[in-house]
Each structure stands twice: as C-alpha cells, then as structure tokens.
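>
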Ligand code: FAD
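Numbering (my numbering), first residue to last: 13 to 513.
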C-alpha cells in the first residue's frame, strides 16, 4: 500500500488540461498537502459494449491517449480504471489513501447517480470533494433558480435569463507538477490507456474522419476562429446539410467529450465578433452555443428528460411500433436516397449536419414512420460521436414536435429538401454508391426512373437498392392528422387536470 496519501482528479466529460478548474484545484491541493496526484478516468466495459458505437469508442480512446500525453507535459499521467466507477473508485480510495477528490458537475442522470454514491462513500472515508461547473458556459442550476425553478420553455426566455450573466475568464494550468507529487510509474500497471483491440476486433481499426483529443480540438477551434468574417456571417439556416465537407464547425464531438471547453469557445467567439457587424442568435455561431445551454438548462430542470412518459415538457403521442421500419431507417435502407445517405454517413463517420439530423428525425417520427423519438435517440446514442444526453433528447423532442416546437404541419420532404443545396445529388452518390450512375433527374427518386434507365445505371430498384418503405406524399398527411389528434387529447387532459376556479 502507498505510504503517501493521494488527491484524485476524476475526469469525466472534461478530457482536457485547458480551462479545467477542477484539475487545477486537485494539482494545487496535492502540492499544498504534499500528496500524490492521481488523474483518473473510469471506463465501464459493459457500457462500451452495449451503448457506444465503434466511431465514438475510437474517438474516446484517442481523446484519452491525448489527455495522457498532455498530462505528461505537466509531469503527471492518466490512470484508466476498468469497471464501474461506483465499485472501483471506493477500492482506490483505500488503496491510494485518497484525501481529496475533484470532478466536474454534470446533469446526465448516470453521472448524477454516480455522484450520490461516491459522495456517500467519500463522506464515510473523510474524503473532501470539490465539484466544478465546467461543461456549460453558465451554471444551469443557477439559471433555473433565476427562473424561480421553472424550466424556460423557449429559447428567447432562456436568453433573457442569461443575458446579464458575466462569464468568467478561462483558467490555464501552466506550472508543472512537483516531482514529489508525481505518483510512481510502477503504480500505473493495469491502468494504462486502453488500445482499441481491448474492446474491438482488429477489423475495426480504420482511422477516424474526426480524430479525438484536446490537441485536435484546439487546432480545429483556432482554425475556425481565425476566419473572422466566416464567424461573423455564420447563419445556420444558410449552411448545407449535404455538402461533402462539413459546412459547420464539427466542434460538437470535442465539446461533448470535454476535449474543448465551451467557455473557451464562448470567449473566442466574443473576440471574433467584437468590433464587427455580426449575425445574431438564434442563427449565429454564438446562437448555436446558446442552444446547447438552453437544452442543458431544460435537461437539468425536467425529470425523465430522455423519455416521453413522466417527462413534464413532453407531449404524449401514441407512437407506433415497427421494428422492420426502424431497422431500415437505422441502416439507411428506407428507399429514400437522401434519408439513406444521411443515415449511412452517420454510421460511417459519426457526424452529420444539424439539418440532416432534422431530416432523418422528422422522417422517423411525425413525418413518415410514426416511430417514437426515443427509438431514434437510442440509434443516435449508438452512432453519434457527439452524443450528449440532454442535447440528443432535447433536439429529438423538438424535431418530433413533442416539446419546444409545435408546428407539426411543417414536414421535411425527403425529396425536395436535399435538392435545395445539392441538385446533382453528389452527397447521395457518395454515401449510396449503388445509385451513383443515376441521372440527376432521378437521383432523389430512383423509383420514378424507367426500367431501361435503372438497367443502364446498373441498379434496379427493389434489387440493388430497396423500394420505398412508405409513400411520403400519402403517409405524411395521415401522420399530420394523428399529430392533430394527439395535440387535442393532450389539451383536453390538461384542461381536466387544471383545478376549477
Ligand atoms: P455548429 O453549427 O458549428 O455549432 C457549434 C456548437 O453549438 C456545436 O458544436 C454544438 O455544441 C452547439 N450546437 C449547435 N447546434 C445545436 C443544437 N441544435 N442544439 C444544441 N447545441 C447545438 N448535438 C450534440 O452535440 N449532441 C447530440 O447528441 C445531438 N443530438 C441531436 C439530435 C437531433 C435529432 C438533432 C436535430 C440535433 C442534435 N444535436 C446534437 C444538435 C446539433 O445537430 C449538433 O450539435 C451540431 O450539428 C453539431 O455540429 P457542429 O459542431 O458543426 O455545430
């Protein structure tokens, strides 16, 4: 057993050195107490196997590798603990004689539940815990308090609550850890950063389109922030869901894993906007960051935010069940090339544009397939590099017109929508290669191509590419009726519940 006691910084969604107050607190505490610093990350192989897709796992492991490299520059290193945090950390508290622990505040119930258990154990063992808000720009619990505990249900309301909040400057860690606070290298045995083949077959080891890690995150941030004019003119609706290279920043995977501090992004945006005419929320880049804060605030305030039942902000809609359709959607086999191209891009690369997410989420739910947004959210959880508990649930509710957005009669057409920004169908040709030789006239609607055209394009609909699983023109009108009925039923229910005056 180690003689010198330890201070732990428990990394969760803050896989970075920059703007990491909780880590700095741990380093300072170790220095002041002359304790050893142990920077830990806990990886649960059961969750990895069931909930994390290949791309996200690669991204995570690259981020951990990079975090270890960056910690080593500070004369420290990363311990990766395999197992459940609530079981493994208490064992280490004894083994390493832990006296002090720092970590990040999060609202994801998985983390909140872990916190309750760890805090209880820590209290029994006399371990002092410090938690820092460092995954959002604002302290979302304070924002809720400012709104008398009520969830701001509109973006504008949310903005009015945060408009006068001063956002503190980012902090930096510049001093190296003293040698006497560095844990001996031999203690690392068994806690090294995992290699991919610990979880995956050799066959899955292809490189990622978006490599993980803090170093890559900062590079990407600086690259975009250097384009001052681009930042100032950014308007989300004018970006393209189907450009071959992304038309937005793709900073989301880095923010979700905490490789990039949102506060740093916020300050850099302020800097880029300062002194110039610039676009405004909700469509500006700053506006995008505020959407994130908005959903975090709602997620922190609502019970069961990732579910329909028991969720106070979610309209109850009698979604149907159709496993075949759900599978066809998830695998990009709906027979609608634009929808299929997006879902295949998601599976291959782990990131799709926001408006592409609009298209496929609307199609799965109120638009075409009448399947619950919860099912779609699970598929996104598996495939998205940037999967985030509150953003995923909040946006799925928006798109299915279950919360925040109620214009259910505005349905995305799987044919017309993509054509606005990609008439030639280049995006479809890339991700649905079996259609790549189709004439432009039929690339969004291959079922309309005469048989002779299908033959000469080398792909017959119903053989080389699936027939449409639904007829959009017909089904979306039926679904609108069902939405109208669900809204009426919810309104009546609320009226019954409301006490009579
Ligand atoms: P940019 O346009 O460059 O925006 C910069 C940052 O602002 C993003 O990195 C992100 O952190 C934030 N942001 C942008 N749009 C939104 C938004 N609508 N809501 C909240 N934050 C936003 N985003 C996730 O990070 N994780 C998710 O799990 C997720 N699930 C989604 C599910 C659905 C059904 C939909 C419609 C959207 C979802 N989004 C999610 C939101 C959004 O699509 C992504 O954040 C965005 O596309 C990321 O690309 P970007 O970094 O290039 O964004």
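Where is the CB? At the ideal position from N, CA and C, for every residue including glycine.
1) Cβ of residue 68 versus every heavy atom of the ligand FAD: is any distance shorter than 6 Å?
2) In the DSSP assignment, find the unbroken alpha helix (DSSP H) run with residue 234 in it and report its ends.
3) Once the 5 residues before and after residue 383 are set aside, which same chain residues still bring their CB inside 8 Å of it?
4) What's the gap between the Cα of residue 486 and the Cα of residue 67?
5) Does DSSP put residue 12 in a helix, a strand or coil?
6) Please list, in chain order, all residues of the same chain as residue 443 whose beta carbon is under 8 Å from its beta carbon, the five residues on each side excluded.
7) Alpha carbon to alpha carbon, how far is residue 203 from residue 91?
8) For residue 398, is the beta carbon positioned less than 6 Å from some heavy atom of the ligand FAD?
9) Does the ligand FAD have a heavy atom nearer than 6 Å to the CB of residue 53?
10) Looking only at C-alpha atoms, which of 39, 373, 472 sits nearest to residue 189?
11) At a threshold of 6 Å, does residue 507 count as lining the ligand FAD (C-beta to nearest heavy atom)?
12) In chain order, what residues of the same chain lie with their CB nearer than 6 Å to the CB of residue 316, ignoring the 5 residues before and after it?
13) For residue 14 and residue 106, I'd like the C-alpha separation in whole angstroms.
14) Any idea if residue 172 is buried or exposed, counting beta-carbon neighbours within 10 angstroms, 16 or more meaning buried?
15) Mapping DSSP to helix, strand and coil, what is residue 113?
16) Let me check understanding here. Comparing Cα to Cα, which of 274, 283, 234 lies closest to residue 302?
17) Please confirm if the stretch 122 to 131 is in contact with the stretch 33 to 53, defined as three or more CB-CB distances below 8 Å between the two stretches.
18) Between which two residues does the alpha helix (DSSP H) carrying residue 6 extend?
19) Can you grab the Cα-Cα spacing for the pair residue 415 / residue 409, in whole Å?
20) With a CB to CB cut of under 7 Å and the five nearest residues on each side skipped, what residues in its chain are close to residue 94?
21) Reducing DSSP to helix, strand and coil, say where residue 172 ends up.
22) Any idea which residues DSSP pairs residue 362 with across the strands?
23) Taking the alpha carbon of residue 28 as the reference point, which residue from 508, 42, 184 has its own alpha carbon closest?
24) What would DSSP say about residue 513, mapped onto helix, strand or coil?
25) Out of 346, 365, 23, 239, which one is the CA nearest neighbour of residue 480?
26) Alpha carbon to alpha carbon, how far is residue 230 from residue 429? Give it in angstroms, no decimals.
27) From what residue to what residue does the alpha helix (DSSP H) around residue 51 run?
28) To the nearest angstrom, report how far apart residue 296 and residue 506 are at their CA atoms.
29) Tell me the residue span of the alpha helix (DSSP H) that contains residue 21.
30) Residues in the same chain with beta-carbon distance under 8 Å from residue 513, minus the five sequence neighbours each way, listed in chain order, please.
31) Evaluate residue 24 with the Cβ neighbour count: other Cβ atoms within 10 Å of its Cβ, from every protein chain shown; 16 or more gives buried, anything less gives exposed.
32) Could you name the residues of the same chain whose beta carbon sits closer than 6 Å to that of residue 253, not counting the 5 residues immediately before and after it, in chain order?
33) Distance check for residue 423 and residue 381, CA to CA, integer angstroms please.
34) Inspect the CB distances between the stretch 466 to 484 and the stretch 394 to 412 and report whether three or more fall short of 8 Å.
35) In whole angstroms, what is the alpha-carbon distance linking residue 314 and residue 445?
36) By alpha-carbon positions, which one of 73, 89, 120, 137 ends up nearest to residue 101?
Looking at the atomic coordinates:
1) Counted from its first residue, the chain shown places residue 68 at position 56. Residue 68 Cβ: outside cutoff for every heavy atom of the ligand FAD.
2) What you label residue 234 is simply residue 222 of the chain shown in a count that begins at 1. Run containing residue 234: 226 to 237, per the alpha helix (DSSP H) assignment.
3) Here the question's residue 383 lines up with position 371 in the chain shown. These residues qualify, in order along the chain: 331, 332, 333, 334, 337, 338, 341, 376, 377.
4) Numbered from 1 along the chain shown, position 474 holds the residue referred to as residue 486. Numbered from 1 along the chain shown, position 55 holds the residue referred to as residue 67. Near 36 Å, if we compare the C-alpha coordinates of residue 67 and residue 486.
5) This structure does not reach residue 12, given that the chain is present from 13 up to 513, and the question cannot be answered.
6) Residue numbering aside, residue 443 sits at position 431 when the chain shown is read from its first letter. Taken in chain order, the residues that qualify are 344, 352, 353, 354, 356, 357, 360.
7) Residue numbering aside, residue 203 sits at position 191 when the chain shown is read from its first letter. Residue numbering aside, residue 91 sits at position 79 when the chain shown is read from its first letter. Straight-line Cα distance between these residues: approximately 5 Å.
8) For the purposes of this step, residue 398 is taken as residue 386 along the chain shown, with counting starting at 1. It does: the Cβ of residue 398 is within 6 Å (strictly closer) of some heavy atom of the ligand FAD.
9) Against the chain shown, residue 53 aligns to sequence position 41. No, the Cβ of residue 53 stays beyond 6 Å of every heavy atom of the ligand FAD.
10) Locating residue 189 in the chain shown gives position 177, where the first residue counts as 1. Checking every option, the nearest Cα to that of residue 189 belongs to 39.
11) Here residue 507 is taken as the residue at index 495 of the chain shown, counted from 1. Residue 507 Cβ: outside cutoff for every heavy atom of the ligand FAD.
12) The residue labelled residue 316 in the question sits at position 304 within the chain shown. Contacts found: 322, 323.
13) Position 2 of the chain shown, counted from the first residue, corresponds to residue 14. Position 94 of the chain shown, counted from the first residue, corresponds to residue 106. Only weak support exists for where residue 14 lies, its pLDDT of 47 falling under 50; the coordinates are left without a value.
14) Here residue 172 corresponds to residue number 160 of the chain shown, with the count starting at 1. Result: exposed.
15) In the chain shown, counting from the first residue as 1, residue 113 sits at position 101. Of the three classes helix, strand and coil, the one that applies to residue 113 here is strand, per DSSP.
16) Taking the chain shown and counting its residues from 1, one reaches residue 302 at position 290. Nearest of 274, 283, 234 to residue 302, Cα basis: 274.
17) no
18) Given a span of 13 to 513 for the chain in the structure shown, any question on residue 6 remains unanswerable.
19) Working through the chain shown from its first residue, we reach residue 415 at position 403. Working through the chain shown from its first residue, we reach residue 409 at position 397. In a straight line, the C-alpha of residue 415 is about 5 Å away from that of residue 409.
20) Along the chain shown, one-based indexing puts residue 94 at 82. So the list reads 55, 57, once near-sequence residues are dropped.
21) Along the chain shown, read from residue 1 onward, the residue named residue 172 stands at position 160. Three-state result, residue 172: helix.
22) Translated into positions along the chain shown, residue 362 becomes position 350. None; residue 362 has no bridge partner.
23) In the chain shown, counting from the first residue as 1, residue 28 sits at position 16. If we check each option's Cα against that of residue 28, 184 comes out closest.
24) Position 501 of the chain shown holds residue 513. Reliability of the predicted coordinates at residue 513 is poor, the pLDDT of 45 falling under 50, and the value obtained from them is presented with this limitation in mind. Residue 513 falls in the coil class under three-state DSSP.
25) As a working note, residue 480 is residue 468 in the chain shown. Per the Cα distances, 346.
26) Taking the chain shown and counting its residues from 1, the one referred to as residue 429 is at position 417. Taking the chain shown and counting its residues from 1, the one referred to as residue 230 is at position 218. If you take the alpha carbons of residue 429 and residue 230, they lie about 34 Å apart.
27) Looking up residue 51 in the chain shown gives position 39. Segment 48 to 55 is the beta strand (DSSP E) holding residue 51; no alpha helix (DSSP H) there.
28) Taking the first residue of the chain shown as position 1, residue 296 is located at position 284. Taking the first residue of the chain shown as position 1, residue 506 is located at position 494. Rounded to the nearest angstrom, the two C-alpha atoms are 36 Å apart.
29) Residue 21 sits at position 9 when you count from the first residue of the chain shown. That residue, residue 21, is in no alpha helix (DSSP H); its beta strand (DSSP E) goes 18 to 23.
30) Translated into positions along the chain shown, residue 513 becomes position 501. Unreliable placement is indicated for residue 513, whose pLDDT of 45 sits below 50; no coordinate value is reported for it.
31) Taking the first residue of the chain shown as 1, we reach residue 24 at position 12. Label assigned to residue 24: buried.
32) Position 241 of the chain shown, counting from 1, holds the residue named residue 253. Answer for residue 253: 365, 367, 368, listed in chain order.
33) Position 369 of the chain shown holds residue 381. Position 411 of the chain shown holds residue 423. Whole-angstrom Cα-Cα distance: 12 Å.
34) no
35) On the chain shown, residue 314 is found 302 positions in, with the first residue counted as 1. On the chain shown, residue 445 is found 433 positions in, with the first residue counted as 1. So the alpha carbons of these two residues sit roughly 43 Å apart.
36) Locating residue 101 in the chain shown gives position 89, where the first residue counts as 1. It is 137.
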